[in-house]
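Chemist: Below you'll find the structure I mean.
Numbering (the numbering used here), first residue to last: 926 to 1057.
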């Protein structure tokens, strides 16, 4: 197998048909941690998830940064139909996506439900080793 074949197989495996709350079925892909790191968003997403877990709000600057990121996220995730900031017949603008659908897509892409329902890992000292 060549590197190109491996990349192509990986990209195909990452794609899935996703049914949205509106009933629309799209072709989508979910970004992994490396993609978030490439976007320089991984720390932001972890911080926002922790704030969501704690029921805290976000600042106006965080809201602006998050809104820009969400557009990028929707454009990355939605393969068919495409999401684009440029209006065209074969793409949909992020503002045209029904609210329930984009919220679902964002939660799916960021694994919000998985992250907020996962137990928090706690380090417990092994018996007899405390204070070492």
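Using N, Cα and C, we set each Cβ at its ideal position, and we do this for glycine too.
#1: Given a cut-off of 8 Å on the beta-carbon distance, is the pair residue 1006 and residue 992 in contact?
#2: Distance, Cα to Cα, residue 958 vs residue 936?
#3: Among residues of its own chain, excluding the 5 on either side of residue 955, which ones have a beta-carbon nearer than 6 Å to its beta-carbon?
#4: Use the C-beta contact count for residue 1026: other C-beta atoms within 10 angstroms, 16 or more gives buried, fewer gives exposed.
#5: Going by other Cβ atoms of all chains shown within 10 Å of its Cβ, with 16 needed for buried, is residue 966 buried or exposed?
#6: At what residues does the alpha helix (DSSP H) containing residue 932 begin and finish?
#7: Confirm, please, whether the CB-CB distance from residue 1010 to residue 996 is below 8 Å.
#8: Tell me, please, which residues DSSP counts as bridged to residue 1013.
#9: What beta strand (DSSP E) runs, 3 residues minimum, are completely inside the region 954-995?
#10: Are the CB atoms of residue 1019 and residue 1008 within a distance shorter than 8 Å?
#11: Which of the three DSSP states is assigned to residue 951 in this structure?
#12: Going straight from the alpha carbon of residue 1021 to that of residue 952, what length do you get?
#13: Whole angstroms are fine: how far does the CA of residue 960 sit from the CA of residue 1057?
Modeler: Let me lay it out:
#1: Here residue 1006 refers to the residue found at position 81 of the chain shown. Here residue 992 refers to the residue found at position 67 of the chain shown. No.
#2: Here the question's residue 958 lines up with position 33 in the chain shown. Here the question's residue 936 lines up with position 11 in the chain shown. If you take the alpha carbons of residue 958 and residue 936, they lie about 15 Å apart.
#3: Position 30 of the chain shown holds residue 955. Within the same chain, residue 955 has close Cβ partners 1034.
#4: In the chain shown, residue 1026 corresponds to position 101, counting from 1. By the neighbour-count rule (16 or more Cβ atoms within 10 Å), residue 1026 is buried.
#5: As a working mapping, residue 966 is identified with position 41 in the chain shown. Buried: at least 16 other Cβ atoms inside 10 Å.
#6: Within the chain shown, numbered from 1, the residue matching residue 932 stands at position 7. Residues 928-939.
#7: On the chain shown, position 71 is the one that residue 996 refers to. On the chain shown, position 85 is the one that residue 1010 refers to. In this structure, residue 1010 lies closer than 8 Å to residue 996 by Cβ.
#8: The count along the chain shown starts at 1 and reaches residue 1013 at position 88. According to DSSP, residue 1013 bridges with 1016.
#9: none
#10: Looking up residue 1008 in the chain shown gives position 83. Looking up residue 1019 in the chain shown gives position 94. Their beta carbons are under 8 Å apart, which means residue 1008 touches residue 1019 by this criterion.
#11: As a position in the chain shown, residue 951 is number 26, starting the count at 1. DSSP places residue 951 in strand when its eight states are reduced to three.
#12: Residue 1021 sits at position 96 when you count from the first residue of the chain shown. Residue 952 sits at position 27 when you count from the first residue of the chain shown. Straight-line Cα distance between these residues: approximately 17 Å.
#13: Along the chain shown, read from residue 1 onward, the residue named residue 1057 stands at position 132. Along the chain shown, read from residue 1 onward, the residue named residue 960 stands at position 35. In this prediction, residue 1057 scores a pLDDT of 48, lower than 50, which makes its location untrustworthy; the coordinate-derived value is nonetheless stated afterwards. Computed Cα separation, rounded: 39 Å.
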